[in-house]
Amino acid sequence: MNEVPVMVSTMVEFTLDGDTVRVPEGSTILDACRREGIDTPTLCWAENLTPVNVCRVC
1056 MNEVPVMVST MVEFTLDGDT VRVPEGSTIL DACRREGIDT PTLCWAENLT
1106 PVNVCRVC
């Protein structure tokens, strides 16, 4: 019988606005905010703009 390999993701824990948050390793802070339902204004991640990483909005 063949066994299906199981992918195990390492979780990273940190404090975000005073709350403990756990996200998969490799997540960005923006990923964590979105996962927690925190609205974070950004331009570099707007789907219709090319990232230049200098907007300083977030």
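For the sequence shown, the residue numbers in our numbering are 1056 to 1113. The C-beta atom is built at its ideal place from N, Cα and C for all residues, glycine as well.
- Task: Out of SER1064, VAL1059, ILE1084 and ASN1057, state which residue places its alpha-carbon closest to the alpha-carbon of ASP1072.
- Result: Shortest Cα-Cα distance from ASP1072 to any of SER1064, VAL1059, ILE1084 and ASN1057 involves ILE1084.
- Query: Under the three-state reduction of DSSP, which class applies to LEU1085: helix, strand or coil?
  - Reply: Helix, per DSSP.
- Query: Distance, Cα to Cα, GLU1091 vs SER1082?
  - Reply: Each residue's alpha carbon lies about 13 Å from the other.
- Query: Straight-line CA distance for ALA1087 to SER1064?
  - Reply: One C-alpha to the other measures close to 15 Å.
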